[in-house]
Structures are given as C-alpha cells and as structure tokens.
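Participant: Just passing along the structure, written as structure tokens.
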Amino acid sequence: MPIAYHTVEKREFNEWVHAHTGDLLRYAKTRVREEAEAEDLVQSAFVAAWEGRKKYAQQSSPRTWLFSILKNKIADHWRKAYRDPVVHGQEPVDADFFGDNGRWAPGHIPAEWGLGGPDQAEQMHRFLADCLRLLPSHWRAVVEMKFLKDKDAELICQELGISATNYWQQIHRAKVRLRECISTKITKDNHH
Amino acid sequence: MQTLMLSCRKAAELTERQSFAPLPAVQGFQLWMHTRICAGCQAYQRQSKRIDLLLEQRGTETALRPTGPMEERIIAAISCKN
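Going line by line, the protein sequences match chains A and B.
Mapped onto the working numbering, the consecutive letters of the first sequence carry residue numbers 13 to 204.
Mapped onto the working numbering, the consecutive letters of the second sequence carry residue numbers 181 to 262.
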C-alpha cells in the first residue's frame, strides 16, 4: 500500500506546538545537562519537523513523529559530546571497582538496596538525575545512546565510531560507576 | 572448569551486553552459573535492570509546568520559514 502523505498546514502545525512542547521539553530536560540545551533541542526538532513536513506520513501520530525527531536531535548532541576531545577528560578506568583477580574490590561489592516507602520511585529518579550529572560527558553519552537508539548496539557503534568490544567495555564501566553512585546515595539517605 | 568460571568484571560486562540482546549460548550459561553463586553479581544484575528502567522512564510523566513562552518562541522561529 502506498504511504498516504498529508500536507501539514501552518495552523495545524501550530496546534502541534501547543499540544506537545510540554512533553517534549520534559523528556529532553532529563536527557541533557542544561535546561537551555533542552529548550534549543526541542525548538530545533520543531523546526526540522516543519521543514520536513512533506515527509510526515499520517499513519504515525504527530506525537510519535515529533518524539522520533527529538530523539535524533538528542543523539546528535551526545555524539558531538562523545567526540569532543575537550570534554573527553579521563578515560574510563575500572581499577577502582575490581581487584586484579577480576572480583569486586572490597568496599565496592554490590549489596541489596534497602528500599521502601511510598516516595521511592520519585527518590530513585532524583538520585539517578544527580548521579547522571556527576558522570563525565563522555561516559554519559555512552549511556544515553542506549535509549536514544532503542538498544541497537550496531547503530550506536556506528554513531560513536567505535567497535562493539569497545562499546561493551565503556557502557559497563559507566554503569558500574552509576550504580555505585546511586547505592551511596541510598545508603546516606537511609542513615538520615 | 576454570575456563567456564567468569570473573565478576566479566559478569558485569556480560550483564550489560545481555540488556541489549540475548548472549551467545556459552556466555549466557557462564553468566547464569556465575550469578547463581555470586551474591554481589546477583545484586548488580537486579540493580542494573532497575537503573535501565529508570533511565527509560525519565521525563515521560504527564504532569507539566506551563510552557507558553517556549511555544511562542517555537512558533516565531517557524513563522520565518517556508
């Protein structure tokens, strides 16, 4: 069946802006460092959508279409951050977390999270956001790409220009670091 | 036997790989064996999944702050484009 193209008029497009800016912005803000960056990404996603409106096939909802454009914009943002030698900084090192024998180093062995309480989900999101902020851009890019590219490892490796082996090592290191950061926050919180 | 046993470092790496796509049979079995006997890696596996879920859910709640000025800015940016 041929794709049914539907020409989007400005008035209809403006309705989309009013209907979806809030959700797109909320999504973007949790996925980049600065609020201003999130706003720029949402705006550039709308501009790209307007300029590419002839490619909009009516079968997918405007919301789905706008989100897919925004996800591409955010992925571009992290691809640039990943390749930027200035923010590259420290290379991921896991010597802190594992001993020479490959076992968890003392003091770094994952233990169960003693979680409870009705505000748990909200609290976890706050801890995650704080820990993502502490993660160097280079590592965060590796983590963010996983969800922006819907867990397509081959595509991610292409975007970042690295081998699969390299990617597994980097995401593993970033994740070990992220997990420990969250654990530390939970432990501190439980002592309060 | 020695070659079948994974280190915790390798187990954590395979845990991440597995969250993208199923592992090849031998590696999948090695990881399963390792996590059966290693409490630290069991906790790691559970928490790693939990973090992925949180990462995926970020910013998808519906309660919103008004974004009127931002909407006007976007409409203005588009109005100068054909």
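Virtual Cβ for every residue (Gly too), placed ideally from N, Cα, C.
(1) By the 9 Å beta-carbon criterion, what residues does the region 192 to 208 of chain B contribute toward chain A?
(2) Taking contact to mean at least 3 C-beta pairs separated by less than 8 Å, is the region 28 to 38 of chain A in contact with the region 233 to 251 of chain B?
(3) Which residues of the region 65 to 97 of chain A have a Cβ closer than 9 Å to any Cβ of chain B? Give them in chain order.
(4) Give me the Cα-Cα distance between residue 124(A) and residue 188(A), rounded to the nearest whole angstrom.
(5) Along the chain, where does the alpha helix (DSSP H) that runs through residue 178(A) open and close?
(6) Any contact between the region 150 to 168 of chain A and the region 220 to 229 of chain B? By contact I mean 3 or more CB pairs, one from each, below 8 Å.
(7) Would you tell me roughly how many angstroms separate the C-alpha atoms of residue 121(A) and residue 213(B), rounded to the nearest one?
(8) Check residue 219(B) in the structure and name its three-state DSSP category.
(9) Am I right that residue 160(A) and residue 83(A) are in contact with their C-beta atoms under 8 Å? What's the rounded C-beta distance?
(10) Indicate the three-state DSSP secondary structure (helix, strand or coil) for residue 50(A) in the structure shown.
(11) Using a C-beta cutoff of 8 Å, does residue 100(A) count as contacting chain B?
(12) Under 8 Å by Cβ, that's how I've got residue 192(B) and residue 184(A) pegged, so tell me the actual separation to the nearest angstrom.
(13) Between which two residues does the alpha helix (DSSP H) containing residue 164(A) stretch?
(14) Comparing alpha-carbon positions, which option in 137(A), 178(A), 204(A), 192(A) lies nearest residue 42(A)?
Facilitator: With the structure as the only source:
(1) 192, 193, 194, 195, 196, 197, 199, 200, 201
(2) yes
(3) none
(4) Position 112 of the first sequence, counting from 1, holds the residue named residue 124(A). Position 176 of the first sequence, counting from 1, holds the residue named residue 188(A). Taking the straight line joining both Cα atoms gives about 15 Å.
(5) The count along the first sequence starts at 1 and reaches residue 178(A) at position 166. First-last of the alpha helix (DSSP H) with residue 178(A): 176 to 203.
(6) no
(7) For the purposes of this step, residue 121(A) is identified with residue 109 of the first sequence, where counting begins at 1. For the purposes of this step, residue 213(B) is identified with residue 33 of the second sequence, where counting begins at 1. Each residue's alpha carbon lies about 18 Å from the other.
(8) The residue you call residue 219(B) lines up with position 39 of the second sequence. If DSSP states are grouped into helix, strand and coil, residue 219(B) belongs with the helices.
(9) Position 148 of the first sequence, counted from the first residue, corresponds to residue 160(A). Position 71 of the first sequence, counted from the first residue, corresponds to residue 83(A). Right, the Cβ-Cβ distance comes to about 5 Å (below 8 Å), so this counts as a contact.
(10) Walking along the first sequence from the start, residue 50(A) turns up at place 38. Helix.
(11) Within the first sequence, numbered from 1, the residue matching residue 100(A) stands at position 88. Caution applies to residue 100(A), whose pLDDT of 48 falls short of 50 and renders its modelled position unreliable; the model cannot decide the point.
(12) Taking the first residue of the second sequence as position 1, residue 192(B) is located at position 12. Taking the first residue of the first sequence as position 1, residue 184(A) is located at position 172. Contact holds; Cβ gap of about 6 Å.
(13) Here residue 164(A) is taken as the residue at index 152 of the first sequence, counted from 1. Unbroken run through residue 164(A): none, as it is neither H nor E.
(14) Counting from one through the first sequence, the residue named residue 42(A) turns up at place 30. Of the candidates 137(A), 178(A), 204(A), 192(A), the one whose C-alpha sits nearest the C-alpha of residue 42(A) is 137(A).
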